[in-house]
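Residue numbers (UniProt numbering): 1 to 281.
Right, one structure below, let's go through it.
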């Protein structure tokens, strides 16, 4: 009976899972049970090592069979890193571009403000072009201008009181290398007198000083005059089509909508204007 009980206990111990035993419990075991315990632990350790080595062998076989998959994983990881770097560079480039646009916008605003200020200062000025150097020395620039008015526009004195505040050559210093004559700048006391003189001059289309042809014009800044010359041909064609174009100085279009594109881009989008201004843009 005792042998049967020992056999049943041994079988139950084999069936039950192995529990961890500390050093104190192991030292209290009898020799026979200690040996059995040691055999079971070694057997379990060998089984685990076999399973682990089997799993490693399977993974190695998969790696050998699928090298392309490994390469694709490496490539995909590199591509992901590269895409992330590119996106960061694009964000930085966009920030730099926005900063440059803001900077250019401020520069344009400052230039426009300076031009407007300069044109407002020159608003009442008349520029005399074509008078030879030295003539104003004997008579004075003011008297020279009054003689030109009396010779070409004798009736203006009767219609309005024209008063000259200041008259001088521009630029002030004479440059020997300059091929063109210096202009004479006449500063009027009232803008009304300037407007009347220029209006009569446009109607007459010719101004003479001692038998020589000269020209009177408004005295704008160099940038405004350049933009005015660029607009001249376009305005001439549009006037021929009875479209009545006009320019707001300094050199702005009459259209005030800031959302509209620049003039050339606007013209190219309008087929009618594109046909009218063909060859000018």
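Cβ atoms here follow ideal geometry from the backbone N, Cα and C, with glycine treated the same way.
Given the structure is predicted, the values throughout are model-derived calculations rather than measurements.
Subject >> Stretch-stretch touch, CB-based, cutoff 8 Å, three pairs: the segment 145 to 164 with the segment 203 to 211 >> reply: yes
Subject >> Unbroken stretches of the alpha helix (DSSP H), 4 residues or longer, contained in the segment 72 to 101 >> reply: none
Original post:
Start and end of the alpha helix (DSSP H) containing residue 192?
Top reply: That run of the alpha helix (DSSP H) goes 191 to 204.
Subject >> Residues that DSSP places opposite residue 166 in a beta bridge >> reply: 187
Original post:
When the Cα atoms are used, what is the spatial distance from residue 129 to residue 135?
Top reply: 13 Å
Original post:
Do residue 170 and residue 185 have their C-beta atoms closer together than 9 Å?
Top reply: yes
Subject >> Beta carbon of residue 107 nearer than 9 Å to that of residue 148 >> reply: no
Subject >> First and last residue of the uninterrupted alpha helix (DSSP H) at residue 125 >> reply: No alpha helix (DSSP H) contains residue 125, which is instead part of the beta strand (DSSP E) from 125 to 129.
Original post:
Taking all protein chains shown into account, do 16 or more other C-beta atoms lie within 10 angstroms of the C-beta of residue 74, making it buried, or fewer, making it exposed?
Top reply: exposed
Original post:
What residues are listed by DSSP as bridge partners for residue 218?
Top reply: Answer by DSSP bridge pairing, in chain order: 126.
Subject >> DSSP bridge partner residues for residue 209 (one or two, in chain order) >> reply: By DSSP's assignment, residue 209 forms a beta bridge with 212.
Original post:
Between the beta-carbon of residue 165 and the beta-carbon of residue 189, is there less than 9 Å?
Top reply: Yes, Cβ-Cβ distance for residue 165 and residue 189 is below 9 Å.
**OP:** Sort 112, 76, 79 and 194 by Cα distance to residue 217 and report the nearest one.
**Re:** 194
Subject >> Coil, strand or helix - residue 139 by DSSP >> reply: helix
Original post:
How should residue 86 be labelled, buried or exposed, when 16 other C-beta atoms within 10 angstroms of its C-beta is the threshold for buried?
Top reply: exposed
Subject >> Closest Cα partner of residue 201 within the set 239, 89, 35 and 156 >> reply: Ranking the options by Cα distance to residue 201, first place goes to 156.
**OP:** Count the other C-beta atoms from every protein chain shown that fall within 10 angstroms of the C-beta of residue 275, then say buried if there are 16 or more, exposed otherwise.
**Re:** Counting Cβ neighbours within 10 Å, residue 275 comes out exposed, since fewer than 16 surround it.
Original post:
Do you know whose CA, among 137, 77 and 124, lies nearest residue 187's CA?
Top reply: 124
Subject >> Exposure of residue 145, with buried meaning 16 or more beta-carbon neighbours within 10 Å >> reply: buried
Original post:
Relative to the alpha-carbon of residue 163, which residue among 182, 142 and 183 has its alpha-carbon at the smallest distance?
Top reply: Restricting attention to 182, 142 and 183, the CA atom closest to the CA of residue 163 is found in 142.
Original post:
Is residue 227 near the ligand ZN, with its Cβ less than 8 Å from a heavy atom?
Top reply: Questions concerning the ligand ZN fall outside what the structure shown contains, since it holds no ligand whatsoever.
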